[in-house]
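Asks: Taking full-length UniProt numbering, the leading residue of the sequence shown gets 1, the next gets one more, and so forth.
Even for Gly, the Cβ is constructed at its ideal location relative to N, Cα and C.
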Amino acid sequence: MLLERLSNACGVSGDEGEVRALLKEVLAPRVDEMWSDPMGNLIVRKGSGPVRVMLDAHMDEVGFLVGEITDEGYLSLRKVGGLDDRVLPGRQVWVTHRRIPGVIGAKAWHLCSPEERGKVIPFDEMYVDLGCRSRAEVEALGIELGDPVYFATEFELLGDRVAKGKALDDRVGCTVLARVLLEYDFPGITLLGAFTTQEEVGLRGAKAAAFHLNPDVALALEGTGSANVAGVDPFDTITNMGEGPVISLMDAAGIPHKRVQEELIRLARKHGIRHQFRRLTSGGTDAGAIARSRQGVPACTISVPCRYIHTNAALCHLDDVDGAVQLVRRFLESVEKGEFRP
Numbered sequence: 001m002l003l004e005r006l007s008n009a010c011g012v013s014g015d016e017g018e019v020r021a022l023l024k025e026v027l028a029p030r031v032d033e034m035w036s037d038p039m040g041n042l043i044v045r046k047g048s049g050p051v052r053v054m055l056d057a058h059m060d061e062v063g064f065l066v067g068e069i070t071d072e073g074y075l076s077l078r079k080v081g082g083l084d085d086r087v088l089p090g091r092q093v094w095v096t097h098r099r100i101p102g103v104i105g106a107k108a109w110h111l112c113s114p115e116e117r118g119k120v121i122p123f124d125e126m127y128v129d130l131g132c133r134s135r136a137e138v139e140a141l142g143i144e145l146g147d148p149v150y151f152a153t154e155f156e157l158l159g160d161r162v163a164k165g166k167a168l169d170d171r172v173g174c175t176v177l178a179r180v181l182l183e184y185d186f187p188g189i190t191l192l193g194a195f196t197t198q199e200e201v202g203l204r205g206a207k208a209a210a211f212h213l214n215p216d217v218a219l220a221l222e223g224t225g226s227a228n229v230a231g232v233d234p235f236d237t238i239t240n241m242g243e244g245p246v247i248s249l250m251d252a253a254g255i256p257h258k259r260v261q262e263e264l265i266r267l268a269r270k271h272g273i274r275h276q277f278r279r280l281t282s283g284g285t286d287a288g289a290i291a292r293s294r295q296g297v298p299a300c301t302i303s304v305p306c307r308y309i310h311t312n313a314a315l316c317h318l319d320d321v322d323g324a325v326q327l328v329r330r331f332l333e334s335v336e337k338g339e340f341r342p
């Protein structure tokens with residue numbers, strides 16, 4: 001399964017090479033042109049029609065960098081992207097692409113005062129324990145300052161249709177984009193797939209890619225938060241996993257182009273694609289950066305609902321992934337047929 005391979009690949013922001021190499025291997029037989037830009041974005045072209053359509057999905061994931069090696073043999077960490085401190089202590093991690101195993105440690109619970117036990121452990125009091133007893137032992141492993149640190153989470157299915165893995169934000173989007181490129185042809189348009197870098201630290205790769213590609217219209221493909229779980233009021237669930245792909249209404253990075261948004265809604269209803277709307281305006285997607293490129297680009301976001309994003313293990317429903325593929329497909333068909341004109 002492509003989603004499994006992408007989830008298991010390591011690609012903290014700024015270090016997306018492993019993900020990029022996997023996508024190049026998978027996509028090479030089915031695209032007309034492929035290249036990487038100075039930001040590390042992987043760009044593919046399929047078709048050569050008059051309308052340029054950009055599909056974006058970011059390759060990077062949240063994680064850590066090695067910030068310091070202590071004399072006692074521990075690693076101090078620096079965050080890359082937004083992470084939930086509540087779930088970090090005790091998590092297994094990999095250090096570097098060689099996947100050197102370690103555990104995020106902190107002061108033992110039974111040594112904490114009653115006041116400390118009721119509070120979230122501050123991130124600056126956490127460290128990675130590699131089982132080493134000195135700086136020299138750590139350095140003997142080849143670990144250096146700035147090396148990436150990833151959650152050591154292996155992909156698996158929970159039942160038949162729910163996937164568990166790390167980095168589903170945004171390896172689900174990468175999966176949707178890759179599947180569209182692999183499964184469908186749109187010779188009447190120029191389809192530009194942009195697998196972008198450094199979204200989690202400021203939508204950086206997408207900004208460069210959009211300027212270079214100069215698309216007529218764009219869709220960002222994302223994994224977005226979902227909270228239809230126990231104890232959460234239905235009004236606060238953001239999106240509901242298992243209830244279809246998500247069409248964005250607004251987020252902190254921008255407001256979707258109204259005509260693109262309306263066309264996605266029309267197509268979803270016409271083709272019976274179960275869909276929903278994102279009911280939270282915090283956070284942002286690459287669509288916001290793309291929309292501000294050059295003279296402006298009509299852009300919108302299609303997302304797959306994912307529970308527990310930005311932690312060591314997220315969940316998504318494979319039916320939602322399939323639905324997102326079909327919604328993107330129908331949009332591209334609409335552009336190709338001239339039903340939607342940017």
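Rounded to a whole number of angstroms, what is the C-alpha to C-alpha distance between G242 and A106?
Replies: Cα-Cα distance, rounded: 36 angstroms.
Asks: Residues in the same chain with beta-carbon distance under 7 angstroms from H212, minus the five sequence neighbours each way, listed in chain order, please.
Replies: Correct list, in chain order: D37.
Asks: Give every residue of the same chain whose Cβ lies closer than 7 angstroms to the Cβ of A178, excluding the five residues on either side of it in the sequence, and list them in chain order.
Replies: These residues qualify, in order along the chain: L2, L23, V26, L27.
Asks: Can you list, in chain order, the residues of its chain whose CB lies under 6 angstroms from that of F186, leaving out five sequence neighbours each side?
Replies: Cβ neighbours of F186 beyond the five flanking positions: G47, L332, E336.
Asks: Looking at C-alpha atoms only, which residue of A206, I104, R278 is the closest neighbour of I121?
Replies: If we check each option's Cα against that of I121, I104 comes out closest.
Asks: Enumerate in chain order the residues of its own chain whose CB-to-CB distance from L130 is below 6 angstroms, with the five nearest sequence positions on each side excluded.
Replies: Within the same chain, L130 has close Cβ partners G102.
Asks: If contacts are defined as beta-carbon pairs under 8 angstroms, then L65 and D160 qualify, I think. What distance do you get, rounded to the angstrom?
Replies: That belief does not hold up - the Cβ atoms of L65 and D160 are roughly 37 angstroms apart, past 8 angstroms.
Asks: Please list the terminal residues of the continuous beta strand (DSSP E) segment that includes D319.
Replies: First-last for D319: 318-337, but that is the alpha helix (DSSP H), not the beta strand (DSSP E).
Asks: Thinking C-alpha only, which one of S303, L264, R117, Q326 is nearest C316?
Replies: Per the Cα distances, S303.
Asks: For the beta strand (DSSP E) that G67 lies in, which residues bound it at each end?
Replies: Element bounds for G67: 63-69.
Asks: Can you check the segment 75-104 for any beta strand (DSSP E) of at least 3 residues that lies completely inside it and give the ranges in chain order?
Replies: Entirely contained in the segment 75-104, the beta strand (DSSP E) runs reaching 3 residues are, in chain order, 92-95.
Asks: Looking at L203 and A289, is the spacing between their C-beta atoms short of 7 angstroms?
Replies: A contact, by the Cβ cut-off of 7 angstroms.
Asks: In whole angstroms, what separates the C-alpha of V180 from that of C112?
Replies: Their Cα atoms are separated by approximately 52 angstroms.
Asks: With distances taken between CB atoms, is the gap from G82 to H257 smaller than 7 angstroms?
Replies: Not in contact: G82 and H257 (Cβ atoms no closer than 7 angstroms).
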